[in-house]
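Q:
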Amino acid sequence: MTVSYTAEVATCRGFGCFWQLLFRWRGSIYKLLWPELIVYIVCYYSLSIIYRLVLEDENKRNFEKIARYCNTYADLIPVTFILGFYISMVLKRWWDQFVSIPWPDALALFVSASIHGQDDRGRLMRRTIMRYVNLSLVMTLRCISPRVKKRFPTLDHLQEAVTLRSRSVFPLFLELCPTGILLQNEKKIIEELNLKTPQYPKHWMPLVWASSVVTRARKEGRILDDFAVKTLIDELSTFRGQCGGLFIYDWISIPLVVTLAVYTFFFATVMGRQYLDPAQGYRYHEIDLYIPVFTFLQFFFYMGWLKVIDK
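In full-length UniProt numbering, the protein residues as written are 1 to 311.
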C-alpha cells in the first residue's frame with residue numbers, strides 16, 4: 001500500500017483487520033493494477049472464444065501447437081529472479097533517495113544560534129539565509145518532481161509564492177517572505193544565467209547568495225568567530241550536495257529490461273496458458289477450466305509488484 005495504515009492496525013484485534021485492509025480501495029494494489037488486469041482478461045478470453053467457437057479442427061490443432069510452444073518457452077524467462085532482484089534494487093534506491101532529501105531544519109538551528117542580533121537587520125539576515133535555502137530546495141524539486149513543477153511552473157510563480165492558503169495556514173511564512181521566496185532582482189539574475197547556460201540547473205545560486213550573507217554577518221560582528229562561519233558554510237555546502245544528489249538520481253534511471261521481461265512473459269502466457277481440448281490428451285489439460293485462477297493470480301502478484309516498484 002502507498003497509504004499508511006499503521007494507526008488502524010495498532011487498534012485492531014482478530015482477523016477483521018486483515019480483511020479490512022485486504023478490501024481497502026484507497027492506496028490498494030487493485031486501484032493500481034485494474035486497467036492492466038482487465039486488458040489481460042479480455043485478451044485471454046478473446047483467444048479462448050476464438051479457439052472454442054470459431055476455429056475448425058485443423059486450425060485448432062495449429063492453435064494448440066502455438067499454445068504449447070508459448071507455454072514451454074515462457075517458463076524459460078526467469079521472471080521471479082529478475083523481479084526479485086529489481087525489487088531489492090529499486091527499494092534500496094528509493095530509500096537512499098529519500099534519505100538524500102535535504103532538510104533545512106538543522107541549518108535553521110545553526111543560523112539561529114550563530115547569527116546574533118535582535119534588531120531588524122539581524123532578523124532579516126537570518127530570514128534571508130533560510131529563504132535562500134528554501135528557494136534552492138524548491139528549484140531542485142521543480143526539476144525532478146512533476147507535482148512541484150505544476151505548483152511552480154515558472155519563476156514568476158516563485159516570486160508570487162504566497163497564496164491565500166499560505167496566509168491562513170502559515171502566517172509565519174508570510175512574515176518571512178511577504179513577496180514570495182524569490183525577489184524581482186534575484187529573478188533577473190537567474191533568468192540571465194538561464195540565457196547563458198540553459199542546459200544546467202541553477203539550484204546552487206541561492207546558496208551562493210546565502211554564503212554572501214553569512215560572510216557579511218561575520219564582517220558586521222553578528223557572528224562571533226570564524227568557526228561558526230565555517231560551520232554555516234559547511235552546512236550550506238552539504239545542503240547543495242544533497243540537492244545535487246537528487247539530480248543524479250533523476251538523471252540516471254534504471255534500465256527497463258525488467259519491465260520488458262515481465263510484459264513479454266505475460267504476453268506469452270495469454271496464448272500459452274489457454275486450456276486446450278482434453279480429448280487431445282495434452283499434459284496438464286485433463287480438465288477444461290473456464291477460469292484460469294492461478295494464471296490470474298500470477299499476473300496479479302507479478303504485475304502488482306512491478307507496478308508498486310514503478311510507482
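The beta-carbon is built from N, C-alpha and C at its ideal position, and this holds for glycine as well.
At the level of alpha carbons, what is the spacing between M125 and S145?
A: Indexing the sequence shown from 1 puts residue 125 at position 125. Indexing the sequence shown from 1 puts residue 145 at position 145. Approximately 30 Å between the Cα atoms of the pair.
Q: Is the distance from the Cβ of residue 312 to the Cβ of L158 below 9 Å?
A: As shown, the chain starts at 1 and ends at 311. That puts residue 312 outside it, with no answer to give.
Q: In whole angstroms, what is the alpha-carbon distance linking F294 and S100?
A: Here the question's residue 294 lines up with position 294 in the sequence shown. Here the question's residue 100 lines up with position 100 in the sequence shown. F294 and S100: Cα-Cα distance of roughly 41 Å.
Q: Identify whether G117 lies in helix, strand or coil by the three-state DSSP scheme.
A: What you label residue 117 is simply residue 117 of the sequence shown in a count that begins at 1. If DSSP states are grouped into helix, strand and coil, G117 belongs with coil.
Q: Just to confirm the assignment, what range does the alpha helix (DSSP H) spanning V262 have?
A: Within the sequence shown, numbered from 1, the residue matching residue 262 stands at position 262. Run containing V262: V257 to G272, per the alpha helix (DSSP H) assignment.
Q: Distance, Cα to Cα, A279 vs A74?
A: Translated into the one-based positions of the sequence shown, residue 279 becomes position 279. Translated into the one-based positions of the sequence shown, residue 74 becomes position 74. Going by the C-alpha atoms only, they are around 24 Å apart.
Q: Classify G241 as helix, strand or coil using the three-state DSSP reduction.
A: Here residue 241 corresponds to residue number 241 of the sequence shown, with the count starting at 1. DSSP places G241 in helix when its eight states are reduced to three.
Q: Once you ignore the five residues that flank G304 on each side, which residues in its own chain have a CB closer than 6 Å to its CB?
A: As a working note, residue 304 is residue 304 in the sequence shown. Excluding positions up to five away in sequence, the list reads I29 and L33.
Q: Below 8 Å on the Cβ atoms is my contact criterion, and I expect K60 with Y51 to pass it. Report the Cβ-Cβ distance as a whole number of Å.
A: Along the sequence shown, read from residue 1 onward, the residue named residue 60 stands at position 60. Along the sequence shown, read from residue 1 onward, the residue named residue 51 stands at position 51. With 8 Å as the limit, K60 and Y51 qualify as a contact, their Cβ atoms being about 6 Å apart.
Q: With a threshold of 9 Å between beta carbons, is M139 in contact with chain D?
A: Protein chain content of the structure displayed is limited to a single chain, and chain D is not contained in it.
Q: Between the C-alpha atoms of I291 and L155, what's the straight-line distance to the nearest angstrom?
A: Locating residue 291 in the sequence shown gives position 291, where the first residue counts as 1. Locating residue 155 in the sequence shown gives position 155, where the first residue counts as 1. I291 and L155: Cα-Cα distance of roughly 56 Å.
Q: Use the C-beta contact count for M89: other C-beta atoms within 10 angstroms, 16 or more gives buried, fewer gives exposed.
A: On the sequence shown, residue 89 is found 89 positions in, with the first residue counted as 1. Answer is exposed; the Cβ neighbour count stays below 16.
Q: Taking C-beta to C-beta, are Q97 and Y284 nearer than 9 Å?
A: In the sequence shown, the residue the question calls residue 97 occupies position 97. In the sequence shown, the residue the question calls residue 284 occupies position 284. Not in contact: Q97 and Y284 (Cβ atoms no closer than 9 Å).
Q: Kindly list the residues whose CB is nearer than 6 Å to the CB of M139, restricted to its own chain and excluding five residues on each side of it in sequence; keep chain order.
A: The residue labelled residue 139 in the question sits at position 139 within the sequence shown. Excluding residues within five positions, the ones whose Cβ falls inside 6 Å are H203.
Q: Please check the pair V270 and L306, which I expect to be a contact at CB under 8 Å, by giving their CB distance rounded to whole angstroms.
A: Residue 270 sits at position 270 when you count from the first residue of the sequence shown. Residue 306 sits at position 306 when you count from the first residue of the sequence shown. The Cβ separation is near 17 Å, so there is no contact.
Q: Check the C-beta distance from Q274 over to L37 and give it rounded, since I have them as a contact under 8 Å.
A: By 1-based counting over the sequence shown, the position of residue 274 is 274. By 1-based counting over the sequence shown, the position of residue 37 is 37. Actually they do not touch by this definition, with Cβ atoms about 18 Å apart.
Q: I'd like to know if the region 79-94 and the region 193-211 are in contact, where contact means that at least 3 CB-CB pairs between them fall below 8 Å.
A: Cβ pair count under 8 Å is below three, so no.
Q: What does the alpha-carbon distance come out to for the pair L236 and T259?
A: Taking the sequence shown and counting its residues from 1, one reaches residue 236 at position 236. Taking the sequence shown and counting its residues from 1, one reaches residue 259 at position 259. L236 and T259: Cα-Cα distance of roughly 39 Å.
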